[in-house]
Amino acid sequence: MTPYSQGMVGYQDGKPWDYEHTLAGTLRDNGYQTVNVGKTHFHPPRLHLGFEQLTTSEDYSEWLDRQAGMAEVEKFAHGVPANSWLARPNHLPEHQIEETWFTTRALDFLSHRDPTRPFFLCLSFNGPHPPWCPPQVFYDQFIGRQMPEPAIGDWANVHADEADIPMDVNQWRGRVPDHVMQRARGAYFA
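Laid out in structure tokens, this is it:
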């Protein structure tokens with residue numbers, strides 16, 4: 066199955082996902098428990114696309130609001146834009162970070178699933194993806210360490226000099242200063 070044969074050749078926010086067949090739907094129709102825990106780009110957002118159970122970032126945000134002292138605290142209150150090159154430790158303790166919550170929900174499913182049926186569990190995390198804001202304990206392990214240099218093809222130079230100066234921290238093109246890139250790579254590894 067190729068992107069061209071199934072109709073999704075790229076990604077665009079808000080594009081309806083209207084597919085006759087999905088992997089989760091096919092498995093569900095053949096007796097599998099189908100569960101998605103984590104990040105999706107489904108549109109509309111609560112579209113199940115064959116998953117019997119769907120737990121998303123919206124559920125995490127509702128859970129976070131119910132935690133003592135966390136009402137109205139945004140998961141992005143760390144101040145780093147969603148697609149930024151900037152990196153910093155997360156403002157939330159490790160046990161309240163979205164990836165920890167998703168992992169716990171997936172483990173709960175595995176502990177309480179129907180043992181008479183096969184299952185398909187899709188566990189999807191936001192990270193590693195900007196914003197680069199790992200828990201403090203992991204951030205401290207990698208920031209300031211020498212990170213391996215990434216493989217960068219010649220194609221990267223095509224847009225290297227097109228960036229705005231001063232640098233827009235959300236830009237996808239241009240030359241990112243070495244110190245910014247070093248921190249981004251450290252937080253990515255964290």
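Residue 66 is where the sequence shown starts when you use my numbering, and the numbers rise one by one after that. Each residue gets a CB set at the ideal place from its N, CA and C atoms; glycine is no exception. These figures come from a predicted structure and were not determined experimentally.
Item                                                                                                                            : Value
Complete runs of the alpha helix (DSSP H) confined to the stretch 157–190 [at least 4 residues]                                 : 163–177
Rounded C-alpha distance that separates N148 from A142                                                                          : 14 Å
Opening and closing residue of the alpha helix (DSSP H) in which T91 lies                                                       : 88–94
Nearest to W128 (by Cα), restricted to the options F116, G96, W166                                                              : W166
C-alpha distance - P215 paired with V223, whole-angstrom precision                                                              : 17 Å
Paired residues, beta bridge with V100 - DSSP                                                                                   : Q118, L186
Alpha-carbon to alpha-carbon, Y125 and F185                                                                                     : 21 Å
Bridge partners - A152, DSSP secondary structure assignment                                                                     : W197
Contacts around L163, its chain only, beta-carbon distance under 7 Å, and the 5 residues preceding and following it disregarded : The sequence shown places Glu at residue 163, not Leu. If we look at E163 and ignore the five residues flanking it on each side, its Cβ neighbours are S122, Y125, K140, N191.
Distance, W237 Cα to V100 Cα                                                                                                    : 33 Å
The stretch 203–220 / the stretch 166–176 touching (three or more Cβ pairs under 8 Å)                                           : no
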